[in-house]
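Visitor:
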Amino acid sequence: MKDFNGKVAVITGAGAGIGRELAVQLAREGARLAVSGRSIANVEETAELCRAAGAEARAYEVDVTDREAVLKHADEVVADFGKVNLVVNNAGVSLVATVEEVSWEDLDWIVNINFWGVVHGTKAFLPHVIASGDGHVANISSMFGLVACPTQSGYNATKFAVRAFTDSLRQEMKMYGHPVSASSVHPGSIRTDIAKKAHVGGDRDVAQMAANFDRIAKMTVEECAEIILNGIRKDKAQILCGNDARFMAVLPRLVGPAYQRVITALFKKDVA
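Residue numbering for the sequence shown follows UniProt numbering, beginning at 1 and increasing consecutively.
Next comes the structure, spelled out in structure tokens:
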């Protein structure tokens, strides 16, 4: 997909952060936007920003963990816009807890949003994306979908799953000759509120953890969104956002499974 002008783009988790910025940048490039999230007030703010940039935009209240709601949403978007070219499954959450600490409820929570949310969005919209004749699916993973790290087993598992699911989708689209491609997106430490909203295990201080994250987060959402859109234009299988994400992509290739020793040494206890 070389050009976004006139394309219909669907973005989940669009009420803030990367999702909102992707919507605004796509609006500036002439895309038509269907933006969704759990807070209709936040998503409507995003839609207003898109309209201010001259784009057609509609806001939808959608819970990506609700399969039937996402299927209904896909039909609604096609009814409103006539087609769908680009889907960005961006909705996601963070969970910081050791395997010993993490609750079953938090594991269900993160798997339902980070993995099933991506699957629901992909499967619901894929027939429409194929029918568009020029389509792309971008699924947001993480740099921790490239390597695993301590205290993030649940998060790691969902982001690895998103990467594998998207890789399979990309191969299938090529194998069956569909006019659709797919990219897994791997942001590093981006300046968003994800750490402030994380679920945690043990006696971790969320405010302190978020402050530590803010200290190391170097890339803005504007820079991240620009990299993602350029990666879609170039049809990259993996889109890496930030020097930290690029480092994480290279590390396992250089040292193999020994990367775990490096990550353990680098992963400071106060950040976790």
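All C-beta atoms, glycine included, are put in the ideal place defined by N, C-alpha and C.
1) Can you have a look at GLY256 and say buried or exposed, based on whether 16 or more other CB atoms are within 10 angstroms of its CB?
2) For GLU101, I'd like the list of residues in its chain whose CB is within less than 8 Å of its CB, leaving aside the five on either flank, ordered along the chain.
3) In or out: ASP270 buried (at least 16 other Cβ within 10 Å) or exposed?
4) Residues bridged to SER36 by DSSP?
5) To which residues of the same chain is PHE4 closer than 6 Å at the C-beta, ignoring the five residues directly before and after it?
6) List the residues that DSSP assigns as beta-bridge partners of LEU95.
7) Which of the three DSSP states, helix, strand or coil, is assigned to GLY135?
8) For ALA272, which residues in the same chain have their Cβ closer than 7 Å to its Cβ, ignoring the five residues on either side in sequence?
9) Note down the Cα distance separating ALA53 from ASP66, rounded to an integer number of angstroms.
10) According to DSSP, is CYS241 helix, strand or coil?
11) Could you check if LYS159 is buried or exposed, using at least 16 other CB atoms within 10 Å of its CB as the buried criterion?
12) Taking just the CA atoms, how far does VAL64 sit from ALA41?
13) Taking the alpha-carbon positions, what's the SER141 to VAL111 distance?
14) Helix, strand or coil: how does DSSP classify LEU146 here?
15) Out of VAL77, ARG191, ARG20 and ALA74, which one is the CA nearest neighbour of ARG51?
16) Would a C-beta distance cut-off of 8 Å place MET1 and LEU126 closer than the cut-off?
17) Within a Cβ cutoff of 8 Å, which residues of the same chain sit near VAL62, ignoring the five residues on either side of it in sequence?
18) Given this structure, state the Cα-to-Cα distance separating ALA131 from PHE213, to the nearest angstrom.
19) With the cut-off set at 8 Å, would you say VAL78 and TYR60 are in Cβ contact?
20) Let me know the secondary structure DSSP gives MET173 once reduced to three states.
21) What is the DSSP secondary structure of residue 273, reduced to helix, strand or coil?
22) Identify, in the order they occur along the chain, each residue of the same chain with its Cβ nearer than 7 Å to the Cβ of LEU240, setting aside the five sequence neighbours on each side.
Guide: Checking against the coordinates, here is how it stands:
1) exposed
2) Counting only Cβ-Cβ distances below 8 Å, and skipping sequence neighbours, we find GLY201 and GLY202.
3) For ASP270, the pLDDT reaches just 45, beneath the cut-off of 50, and the residue's location in the model is therefore unreliable, although a value from the coordinates is still provided. Exposed, because fewer than 16 other Cβ atoms sit within 10 Å of the Cβ of ASP270.
4) Bridge partners of SER36: TYR60.
5) LEU26, GLU29 and ALA31
6) HIS199
7) strand
8) Annotation note: pLDDT 46 at ALA272 (below 50); position unreliable, coordinate value reported separately. Excluding sequence neighbours, ALA272 sits near VAL96, PRO150 and THR151.
9) 31 Å
10) strand
11) buried
12) 17 Å
13) 13 Å
14) Note: LEU146 maps to coil in three-state DSSP.
15) ARG20
16) For MET1 and LEU126, no; Cβs fall outside 8 Å.
17) THR12, SER36, GLY37, ARG38, ALA69, VAL70 and HIS73
18) One C-alpha to the other measures close to 41 Å.
19) no
20) MET173 falls in the helix class under three-state DSSP.
21) The structure shown has nothing for residue 273, since the chain only spans 1 to 272.
22) HIS186, ARG246 and ALA249
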